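Read the structure below first, then the notes.
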Amino acid sequence: MRSSRITALSLVAMVVFAACQSSGGPTPSSSGATKQGGTIIVGITDEPDTLYQYASRQFPSFYINLMISTPLLRVTPGNRLEPYLATEVPTSANGGISADGKTITVKLRKEAVWEDGVPVTSKDAAFTWRTLTAKTSAATSTLGWDRIASVETPDDQTAVFRLTQAYAPFVSVVLAGQFGGRLLPEHTLASVADITKSDFARKPIGNGPFRVVDWVSGDRITLERNTKFWGERASLDKVIFKISPDRNVLLAQLKSKDLDLVADLTEANTEDMRSASGVTVATAASSIIELLNINFNSPDDLTKPHPVLADLAVRQAIAYGINRQGLIDGILFGKAKLAVNEQDNTRYFNTDLKPYPFDPAKAKATLDQAGWTVGANGIRAKNGVPARLQLTTSSGNKIRESMQVVIQQQLKDIGFDIVLKNYPPAELFAGCAANGIKQGRKFDLLLDSFGLPGLDPDPTSFWRSTQIPDCKTRLAGSNRSGFTTSELDQLLDAQLATADDTKRTEIIKQIQKIIYDNVAALYVYDRLSIVAAADRVKGVTVLPGLSGSAFMDTERWWVTDGK
Amino acid sequence: MGYVLRRVTQAIPLLIGISFVVFLLIRLSGDPLSFYVNDPRITAEDLARLEERFGVNQPVHVQYFLWVSSLVRGDLGTSFATGQPVGAMIMGRLPNSLILGGTGFVLALAMAIPLAIISAVRRYSVRDYAITTLTFIGYATPAFWLGLLLILVFSLKFREIGLPSLPPGGMYDLRGDPSFAGLIQHLIMPAGVIALIHSAPFVRYLRASLMDVLRQDYVRTAYAKGLTPRVVLYRHALKNAAIPLATVVMAQIPYLLGGTIVVEQVFAWPGMGRLFWESAVRVDYPVMMGILLLVSVVVVLMNVVADVVYAWLDPRIHFA
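Those protein sequence lines, which keep their order, are chains A and B.
Converting from the first sequence to the working numbering requires adding 35 to each position, the first position being numbered 1.
The letter at position 298 of the second sequence is residue 287 when you use the working numbering, and the numbering goes up by one with no holes.
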């Protein structure tokens, strides 16, 4: 068991390495020849809403927070955790996690200080929990934090988290990762009634290699080296986030070296950027996956099974009938990886599962066998129900719209009647209150994306029966396919309560197999994390499966000219 | 004076009506919680807490009433997305929009007036046709396309071949301190785009009315008295010809506040148009409402001002 895990890890590490190599991308600067000083200008299209990261909904805000605050545990290449603000990763072996999995003890570094020089203590950890879970909290999500019953602080360096029940994702959700593990300074925020409305939202106090010095609305956010930083001193003097809302202009500015680095590029931009002189592109598979959501219930009456899609043979035929690799080659210039599921870039991936091959003959045979016979009009039907489906996606998304047309044709070829029905994103992705199409499950097939929100592989929100939204009794939840079995529910609960990582991995692999065998969704491709930087910028690493990974070790960024 | 007062008083119910319709329309435009719903980390409890926090769990008429009652107290509310007061967010962007729009507007007039005069005086000449063609091109040119083209040529290509180039976006230099000279440099292209596109209607209006005026009896009389064409044109004809233009110009002023969205977007200008666009994308009701209210007030006010200016320019018009 142990050795298989190591293999999986080294595989991931190889992916990182390959990703950097194949693109000639920036590689980690371990050579020691880093120059000190200089400024990097990062181009972003969306201005952060707030820099209070737990209330923010925008990526750039979270990039900046990765630079100004250090998580208790951080992610290293290979997606392992290493202690950062904490002195060690809590495990059952070192006593950090109690036998029943309900008590987690974290030791903080003595030397850690906030940017104003005040020491970071366990009281800050307790304060963070209280703030996020308060009744009037502005936090977007309290996932993980809501499992804490109390936080004890026996001394300034020790925080003891007591959970209401064993929760395996605790370490990776609350203590680490992109979203968690960052503490709030009690000494500046204790008397603040609403953090989003305070100065902290515009100029937060952090404990990372950089600190925010200025935010000019609509124009830029300036970060400087935090001279009081307790860890590795940042090489750069300054990092400026320049807001340039038009993507075309943003790319032109990168080419002209008005900008040094752009992180949120799409697959469609990569060719253009690769051909630009003096710009280096680094890519890695991201945690976001494009997929075809399949509705197991009738969109007209969600209490009933879907007249066509509830049949496993139909779903299998769809899987065999769509040439997904062809979509990637034809529409994305082959620049993306065919996806199996949302775990396929993590060490939790069940490598026995291979993508369904493109095999229209098998698709037809499967449908024939299941009694879906071809009628006079070329469209299949079973018991008088025609194989007619709506294929939905977000209008205006060119990649999805192109794929949609190809999928329509390929499914027609095996006897489906596919009607395209698209909605603008505002309507498609709205919540129940605004009659959202996705949340209200008013679709047959929906081409869009999802992804694990962080490091942890827990897929509960996508597949548990309690996560099926219906807009009447349950407004939240991400199981929009409505697929559920009691075995699946049990496994989902079991992996949450299993602290042992090896055992947990096995359960998660079983879950993947159920999703795969039932074709509960048809995954299309892993989206890429794409970072393009001017050649003078060095030390930028992009990790697979982690959004924003480029901003996780900015203290190692440097510029060759020192300017 | 009494007239102005009456017009302003009449505007109040109008504004209340506008605000209600706009409020309803914005509510129908999207769901501020859609961002959260699509985050798999959000639990049902999180959603309920956020609805409560934003006050969107109440019926629409209650929300409207709450919004109006805080407005009466001079409070435009708080942005859902940023947590900042809407008034402060708007005031942070308004001056930038006025700098850009104002410069563009003045430039547009400075270009339009001489062109219209040449066009009207030498009507149906080659020059007239050239100007007419140019103004139609100006009418038809999309701002984003022109903006991108200018950036490509004057920022990127010029720099590539070693000519003095213009900054491709923003309001101030990123690597140095903000300066007035830097501001002017950053202003040239976006203000130029606004001027080019907006001068077109001005030229058309002024040309038409000038041609009208030049046919009037009093102009012939002026010529008959032996006045030079220059004096006839500038002292007698132009002032009267400018009357319809004044109305057009007044009607365009509210545009400066929010109508430069496209130009602000392309040139990364931190103005109010962009703030509106971002708020629309974020379904940030309070900010959208604040900006629309401000624009509505200015539209109504400018209509009143246009009428007054009209009377002042043209003594034949009297308001009782």
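Yeah, the Cβ is synthetic: ideal placement off N, Cα and C, and Gly gets one too.
All values derive from a computational prediction rather than experimental measurement.
The residues L245, T249, in chain order, have a CB closer than 6 Å to that of G90 (chain B) in the same chain once the five nearest residues on each side in sequence are set aside.
DSSP assignment within the region 370 to 405 of chain A yields the following whole alpha helix (DSSP H) runs of 4 residues or more, N-terminal first: 395 to 404. Within chain B, the residues whose beta carbon sits less than 9 Å from that of A511 (chain A) are Y25, V26, I31, T32, A33, E34, D35, L36, A37, listed in sequence order. Residues of chain B whose Cβ lies closer than 8 Å to the Cβ of P488 (chain A) are, in chain order, D28, P29, R30.
For A287 (chain A), at least one C-beta of chain B is nearer than 8 Å to its own C-beta.
What V255 (chain B) touches in chain A, judged by beta-carbon distance under 9 Å, is P280, D281, N283, V284, going in chain order. Contact with chain B is found for R92 (chain A), since one of that chain's Cβ atoms lies less than 8 Å from the residue's Cβ. A distance below 6 Å between beta-carbons, with the five flanking residues on each side excluded, links K417 (chain A) to the following residues of its chain, in chain order: G406, W407.
P157 (chain B) reaches chain A at V284, A287, Q288, S291, D293, counting residues in chain order whose Cβ is nearer than 7 Å. The alpha-carbon separation between D483 (chain A) and K598 (chain A) amounts to approximately 42 Å. In the three-state scheme derived from DSSP, where H, G and I count as helix and E and B as strand, W56 (chain B) is classed as helix. The beta carbon of Q445 (chain A) sits closer than 8 Å to the beta carbons of G356, I357, N358, P395 from its chain, once the five residues preceding and following it are set aside; these are given in chain order.
Short of 6 Å from the beta carbon of G72 (chain A), and not among the five residues preceding or following it, lie these beta carbons of its own chain, in chain order: D272, G597. Only A465, G466, A468, A469, G471, Q474 from the region 465 to 477 of chain A bring a Cβ to less than 7 Å from some Cβ of chain B.
For T175 (chain A), a Cβ of chain B is located within less than 8 Å of the residue's own Cβ. Bounds of the alpha helix (DSSP H) holding S310 (chain A) are 302 to 310. When DSSP reads this structure, T257 (chain A) sits in a beta bridge with A:D249, A:I275. Excluding its 5 nearest sequence neighbours in each direction, T508 (chain A) has no C-beta neighbour in its own chain below 6 Å. Taken through DSSP and simplified to helix, strand or coil, F143 (chain B) comes out as helix. A411 (chain A) has its alpha-carbon roughly 21 Å from the corresponding atom of P342 (chain A). Within the region 130 to 150 of chain B, contact with chain A at the beta-carbon level (separation under 9 Å) is assigned to F133, G136, L137, I140, L141, S144, L145, R148, E149.
Annotation for Y558 (chain A): the continuous beta strand (DSSP E) segment containing it runs 556 to 569. DSSP lists A:T408, A:P421 as the bridge partner or partners of A416 (chain A). No Cβ-Cβ contact shorter than 8 Å links L480 (chain A) with I472 (chain A).
A residue is called buried when at least 16 other Cβ atoms come within 10 angstroms of its Cβ; P280 (chain A) meets this threshold and is buried. D254 (chain A) has a beta carbon lying within less than 8 Å of a beta carbon in chain B.
Per DSSP, F235 (chain A) lies in no beta strand (DSSP E) segment and is marked neither H nor E. In this structure, the CA atom of S91 (chain A) is about 23 Å from the CA atom of V155 (chain A). Per DSSP, reduced to three states, the secondary structure at R111 (chain B) is coil, with no helix or strand assignment. Neighbourhood of F497 (chain A) in chain B, by CB distance below 7 Å: P29, in chain order.
When C-beta distances to chain B are compared with 9 Å, the residues of the region 227 to 255 of chain A below that value are D229, I230, T231, K232, S233, A236, R237, V251, S252, G253, D254, R255, in chain order. Look at F205 (chain A): its C-beta is not under 8 Å from any C-beta on chain B. DSSP, read as helix, strand or coil, puts N332 (chain A) in strand. Here E590 (chain A) is buried. Its C-beta has 16 or more other C-beta atoms within 10 Å. Counting along the chain, the unbroken alpha helix (DSSP H) around E462 (chain A) starts and ends at 460 to 463. For W593 (chain A), the CB contacts under 6 Å within the same chain, skipping 5 residues up- and downstream, are T69, K70, S270, K573, G574 in chain order.
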